[in-house]
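Colleague: In full-length UniProt numbering, the protein residues as written are 1 to 208.
We put the beta carbon where it would ideally sit given N, CA and C, even for glycine.
Since the structure is predicted, the reported quantities are computational estimates derived from the model, not experimental observations.
Before I ask anything, let me first share the structure, which is written out below as structure tokens.
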């Protein structure tokens with residue numbers, strides 16, 4: 001039996017953009033970092049008369065996840081918290097639960113649980129790997145396209161997380177075949193309005 005990966009909203013818009021510029025499902029799977037069967041199932045399930053619909057696909061997925069959340073018991077959350085305290089990442093926990101066929105739980109839910117715990121004064125967030133000190137690497141490092149003075153997702157205001165206002169955008173970059181050019185996507189978190197643009201170079205000047 002193949003494994004099923006729950007896609008993020010950004011990945012769904014990435015699938016849509018890559019389909020529009022002629023990429024095959026195998027190439028889309030590689031670019032998205034998921035199994036080809038996941039891409040095939042996602043496209044087949046959410047294809048309409050005008051093709052694959054990322055906005056509707058994500059809405060349906062959220063509805064299914066909300067229904068599934070009611071099946072997660074306090075015992076399950078207790079075990080998840082124990083694994084977090086052992087420095088397991090949400091991705092590892094989600095994958096392990098799926099392999100054991102114990103529970104299908106998205107790593108996104110686990111991140112939400114951690115951030116809710118943090119707002120209540122908890123310390124689960126301290127076990128996230130992004131909090132660990134990293135050894136300095138020597139040698140070349142490509143800084144092209146990085147945003148100066150950017151704000152981490154972990155530090156964004158609560159109003160942005162709640163999606164209660166217009167004007168909060170999520171950005172992503174999709175690299176073309178042979179690393180020639182790229183597509184920049186902008187999605188408004190509340191309205192889900194999507195804007196896409198083609199840039200010839202992967203630099204912050206070109207993206208502007």
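(1) Whole angstroms is fine: what's the gap from residue 31's alpha carbon to residue 107's?
(2) What is the rounded straight-line gap between the Cα of residue 72 and the Cα of residue 80?
(3) Where residue 14 and residue 28 are concerned, what is the direct C-alpha to C-alpha distance, given to the nearest angstrom?
(4) Within a Cβ cutoff of 6 Å, which residues of the same chain sit near residue 186, ignoring the five residues on either side of it in sequence?
(5) What are the start and end residues of each continuous alpha helix (DSSP H) run of 4 or more residues lying completely inside the UniProt domain "Transposase IS30-like HTH" (4–46), in chain order?
(6) Report the rounded CA-to-CA distance for residue 119 versus residue 165, giving the unit in angstroms.
(7) Apply the 10 Å Cβ neighbour rule to residue 21 and answer buried if 16 or more other Cβ atoms are within range, or exposed otherwise.
(8) Does DSSP classify residue 272 as helix, strand or coil?
(9) What are the uninterrupted segments assigned as alpha helix (DSSP H) that are 4 or more residues long and contained completely in the segment 79–131, given in chain order?
(10) Between residue 56 and the ligand FMN, is there a pair consisting of the residue's CB and a ligand heavy atom that are separated by less than 7 Å?
Modeller: Let's see:
(1) Within the chain shown, numbered from 1, the residue matching residue 31 stands at position 31. Within the chain shown, numbered from 1, the residue matching residue 107 stands at position 107. If you take the alpha carbons of residue 31 and residue 107, they lie about 19 Å apart.
(2) Mapped onto the chain shown, residue 72 falls at position 72. Mapped onto the chain shown, residue 80 falls at position 80. For residue 72 and residue 80, the distance between alpha carbons rounds to 11 Å.
(3) Sequence index remark: in the chain shown, residue 14 carries index 14 (1-based). Sequence index remark: in the chain shown, residue 28 carries index 28 (1-based). Inter-residue distance for residue 14 and residue 28 is about 8 Å (C-alpha atoms, whole angstroms).
(4) Stepping through the chain shown from its first residue, residue 186 is reached at position 186. Excluding positions up to five away in sequence, the list reads 169, 171, 195.
(5) If you keep only unbroken alpha helix (DSSP H) runs of at least 4 residues inside the UniProt domain "Transposase IS30-like HTH" (4–46), you get 9–20, 25–32, 36–45.
(6) The residue labelled residue 119 in the question sits at position 119 within the chain shown. The residue labelled residue 165 in the question sits at position 165 within the chain shown. Annotation: residue 119 to residue 165 spans about 21 Å, alpha carbon to alpha carbon.
(7) On the chain shown, residue 21 is found 21 positions in, with the first residue counted as 1. Classified as exposed, residue 21 has fewer than 16 neighbouring CB atoms from the shown chains inside 10 Å of its CB.
(8) The structure shown does not extend to residue 272, since the chain spans only 1 to 208, so no value can be given for it.
(9) Correct list: 90–99, 107–119.
(10) Ligands in the displayed structure: none, and consequently the ligand FMN is not present.
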